[in-house]
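Protein chains in written order, with the working numbering: chain A, 229 to 342; chain B, 409 to 523. Backbone N, C-alpha and C fix where the C-beta goes; we use that ideal spot for every residue, glycine too. To start, the structure under review is shown below, and the notes come after it.
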């Protein structure tokens, strides 16, 4: 079956530090990959996505590149802000016929200190 | 454009009771899915509906059920509540375009506490 493995948290960084959150996946086919973010007390918001190998998703200074050869989709940001403090989830979607479902990693808690 | 709307946002139920949660998808979205989020198990897929038909189901007991109406609104029901059902229940919607790259949008969730 499909699975997503994320870097264990929590991660604590100072403002303007560089961020990397590792994500690797196992899938039987050719999935699409996503990063979602969850702020305290809220639902999930889509941060970025990539649908094929070597695609780079980007949004709000965050980037992730779909690496098929290493089955990875690491999240990066060059300079984090306090407002980036949240839980980040890596996920994959592999359509099976008409069915659609996301498989999530365990989430990585990020805290950015001023 | 309104997002995915879930009601109620917070509720407390007693063990053995049942609960119904409601979800209104983004206008034009025909696929609705439900996820359970707990600290121990993380985010787990419950089921997906399209055109009032369940297309896919996760590994949950039969106490968890759902349905979708002709206007794409969805409800999920949990009967005979157990303490372990305490969780954030997230509804998500998407266009039913072909291919797995179709983006799935989430609501803010319904926080269920079972006492």
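Contact check, residue i vs residue j under 8 Å by CB: the rounded distance?
i: residue 476 (chain B); j: residue 466 (chain B); result: About 16 Å; that fails the 8 Å criterion.
i: residue 424 (chain B); j: residue 488 (chain B); result: 6 Å
i: residue 272 (chain A); j: residue 301 (chain A); result: Not really, about 16 Å apart at Cβ, beyond 8 Å.
i: residue 446 (chain B); j: residue 495 (chain B); result: 5 Å
i: residue 224 (chain A); j: residue 441 (chain B); result: With chain A covering 229 to 342 only, the question about residue 224 (chain A) has no answer from this structure.
i: residue 314 (chain A); j: residue 262 (chain A); result: That belief does not hold up - the Cβ atoms of residue 314 (chain A) and residue 262 (chain A) are roughly 15 Å apart, past 8 Å.
i: residue 336 (chain A); j: residue 269 (chain A); result: Contact flag wrong, Cβ pair sits at about 18 Å.
i: residue 448 (chain B); j: residue 513 (chain B); result: Residue 448 (chain B) to residue 513 (chain B), Cβ: 26 Å. No contact.
i: residue 240 (chain A); j: residue 339 (chain A); result: 5 Å
Do residue i and residue j have their C-beta atoms within less than 8 Å of each other?
i: residue 473 (chain B); j: residue 485 (chain B); result: yes
i: residue 374 (chain B); j: residue 419 (chain B); result: Past the boundaries of the shown model lies residue 374 (chain B); chain B is included only from 409 to 523, so the question cannot be answered.
i: residue 431 (chain B); j: residue 478 (chain B); result: no
i: residue 450 (chain B); j: residue 334 (chain A); result: yes
i: residue 274 (chain A); j: residue 292 (chain A); result: no
i: residue 231 (chain A); j: residue 258 (chain A); result: no
i: residue 264 (chain A); j: residue 282 (chain A); result: no
i: residue 372 (chain B); j: residue 439 (chain B); result: Nothing about residue 372 (chain B) can be reported from this structure: the residues present for chain B run from 409 to 523 only.
i: residue 260 (chain A); j: residue 321 (chain A); result: yes
Kindly identify the DSSP beta-bridge partner or partners of residue i.
i: residue 484 (chain B); result: B:429, B:474
i: residue 295 (chain A); result: A:300
i: residue 242 (chain A); result: A:341
i: residue 440 (chain B); result: B:457, B:501
i: residue 306 (chain A); result: DSSP, once it has assigned bridges, lists no residue as partnering residue 306 (chain A).
i: residue 311 (chain A); result: Per DSSP, none; premise fails for residue 311 (chain A).
i: residue 495 (chain B); result: B:520
Here's the rule: buried if 16 or more other CB atoms are within 10 angstroms of the residue's CB, otherwise exposed. What is residue i?
i: residue 463 (chain B); result: buried
i: residue 289 (chain A); result: exposed
i: residue 517 (chain B); result: buried
i: residue 267 (chain A); result: exposed
i: residue 491 (chain B); result: exposed
i: residue 246 (chain A); result: exposed
i: residue 277 (chain A); result: buried
i: residue 341 (chain A); result: exposed
i: residue 500 (chain B); result: buried
i: residue 433 (chain B); result: buried
i: residue 493 (chain B); result: buried
i: residue 229 (chain A); result: exposed
i: residue 331 (chain A); result: buried
i: residue 284 (chain A); result: exposed
request  = Determine which residues of the stretch 270-282 of chain A have a Cβ less than 9 Å from any Cβ of chain B, and write them out in chain order.
outcome  = Answer in chain order: 270, 271, 272, 273, 274, 277, 278, 279, 280.
inquiry  = Give me the subset of the stretch 457-470 of chain B whose CB atoms are less than 8 Å from a CB atom of chain A, sorted by chain position.
reply    = Residues are counted here when their Cβ sits less than 8 Å from a Cβ of chain A; for the stretch 457-470 of chain B these are 458, 463, 464, 466, given in chain order.
task = Could you run through the stretch 301-322 of chain A and flag, in chain order, every residue whose CB is less than 9 Å away from some CB of chain B?
result = Result list: 317, 319, 320, 321, 322.
Short-range partners of chain A found in the stretch 494-522 of chain B, where Cβ spacing is below 9 Å = Look at the stretch 494-522 of chain B: the residues with a C-beta under 9 Å from a C-beta of chain A are 496, 498, 499, 500, 502, 504, 506, 507, 508, 509, 510, 511, 512, 513, 514, 515, 516, 517, 519.
inquiry  = For the stretch 431-454 of chain B, list every residue whose C-beta sits within 9 Å of some C-beta in chain A, in sequence order.
reply    = Residues of the stretch 431-454 of chain B that bring their beta carbon within less than 9 Å of a beta carbon in chain A comprise 439, 441, 443, 445, 450, 451, 452, 453, in sequence order.
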